[in-house]
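I have placed the structure first, in the form of structure tokens, so that the comments after it can refer back to it.
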Amino acid sequence: MTANFFVAIDFDGTITGRDITDAVIQKFALPGWEEAETRWEKGLIGSRECLAEQMALIHEPLEHVLEYVDSFGIDPAFPDFLSFLRRRRVPHAVVSDGFSIFSERILSNAGITDVPVYANGLNRQDGRLKTFYPHAKTDCPSGTCKCTVAGDAGGGSPIILVGDGRSDFCLAKEAALVLSKGKLTNYCKENGITHRPFENFYDVKSCLQGFLTDQPGQSAGKVWKQPASIPEMA
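If you read the sequence shown in numbering that gives the first Met the number 0, its first letter stands for residue 0, the second for the next number, and so on.
Encoded structure:
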């Protein structure tokens, strides 16, 4: 038996200490990316349009970009957190509005190759980086519509969101539980969304343990019980 909720885990700034897409753009993009960033921050464009404009300003060979991406690592506690989810048979996935070619490479460098990743696509066409969006939705301005992905991947189960930034705002309003840091924590405070701040994935694991309860006669797995309050982390 599996736990009847789904854990959606952001990548940039959550699994990693820094937003990898931002780092790549700041290092390699030609002037002009800042204007797109400002329009996105003001809500004038969505991340899909913003990323397309910014990545088109990178003329560096993709191989060089990936060599730079190799310099980034993950939260040291993340592998143990994944093992915890697997032991408890909790469905989960990385759900990112960044690029799968970056996230999968960084995860692979850390020895993690079997976690599902839903993210934007990136390849090289005519000397420039070209974005594509396999998880976009027509009426959503994001590259990856996290609400749709989490709902579909989780089969309609309650969603636990682990995230840090603007791309998580929409899903935070739908999630049964939000584990947050950075801008997402501020957003939850401002909008009255119940959340639990964290610093690392040891904190996340500690919090989620409070949601997993043994069921009589069900030694093979765990199930969801709606808590009266969010448990304190050890």
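Note that beta-carbon positions come from the ideal geometry of N, C-alpha and C, so glycine has one too.
**Request:** Could you tell me how far apart the beta carbons of Lys182 and Ala7 are, in whole angstroms, since I believe they sit closer than 8 Å?
**Result:** Taking the sequence shown and counting its residues from 1, the one referred to as residue 182 is at position 183. Taking the sequence shown and counting its residues from 1, the one referred to as residue 7 is at position 8. With 8 Å as the limit, Lys182 and Ala7 do not qualify as a contact, their Cβ atoms being about 17 Å apart.
**Whole-angstrom C-beta distance between Asp9 and Asp167, which should lie under 8 Å** = As a working note, residue 167 is residue 168 in the sequence shown. As a working note, residue 9 is residue 10 in the sequence shown. Yes, Asp167 and Asp9 are in contact; Cβ-Cβ is about 6 Å, under 8 Å.
**Request:** Use the C-beta contact count for Leu52: other C-beta atoms within 10 angstroms, 16 or more gives buried, fewer gives exposed.
**Result:** Counting from one through the sequence shown, the residue named residue 52 turns up at place 53. Note that residue 52 is Glu in the sequence shown, not Leu. Counting Cβ neighbours within 10 Å, Glu52 comes out buried, since at least 16 surround it.
**Message:** With a threshold of 8 Å, are at least 3 pairs of Cβ atoms found where one atom belongs to the segment 69–77 and the other to the segment 154–172?
**Reply:** no
**Asked** Just the Cα atoms here: how many angstroms apart are Ser70 and Leu61?
**Response** Taking the first residue of the sequence shown as 1, we reach residue 70 at position 71. Taking the first residue of the sequence shown as 1, we reach residue 61 at position 62. Using only the alpha carbons, I get a separation of about 15 Å.
**Request:** Check whether the Cβ atoms of Ala109 and Ile73 sit closer than 7 Å, and answer yes or no.
**Result:** Counted from its first residue, the sequence shown places residue 109 at position 110. Counted from its first residue, the sequence shown places residue 73 at position 74. Yes; because the gap between Cβ atoms is below 7 Å, this pair is in contact.
**Same chain only: Cβ atoms within 8 Å of Leu81, ignoring 5 sequence neighbours per side** = For the purposes of this step, residue 81 is taken as residue 82 along the sequence shown, with counting starting at 1. Correct list, in chain order: His91, Ile111, Val114.
**First through last residue of the beta strand (DSSP E) which encompasses Pro196** = Translated into positions along the sequence shown, residue 196 becomes position 197. Looking at the DSSP string, the run of the beta strand (DSSP E) that includes Pro196 is 194–196.
**Request:** Please look up how many angstroms separate the CB atoms of Pro157 and Phe4, rounded, as I've assumed it's under 8 Å.
**Result:** Here residue 157 refers to the residue found at position 158 of the sequence shown. Here residue 4 refers to the residue found at position 5 of the sequence shown. Sure, about 4 Å apart at Cβ, within 8 Å.
**Request:** Could you tell me the boundaries of the beta strand (DSSP E) in which Lys129 lies?
**Result:** Taking the first residue of the sequence shown as position 1, residue 129 is located at position 130. 127–131 is the extent of the beta strand (DSSP E) around Lys129.
**Asked** With which residues is Tyr117 paired in a DSSP beta bridge?
**Response** On the sequence shown, residue 117 is found 118 positions in, with the first residue counted as 1. Tyr117 pairs with Val94.
**Whole-angstrom distance between Lys26 and Glu40, CA atom to CA atom** = In the sequence shown, the residue the question calls residue 40 occupies position 41. In the sequence shown, the residue the question calls residue 26 occupies position 27. Approximately 20 Å between the Cα atoms of the pair.
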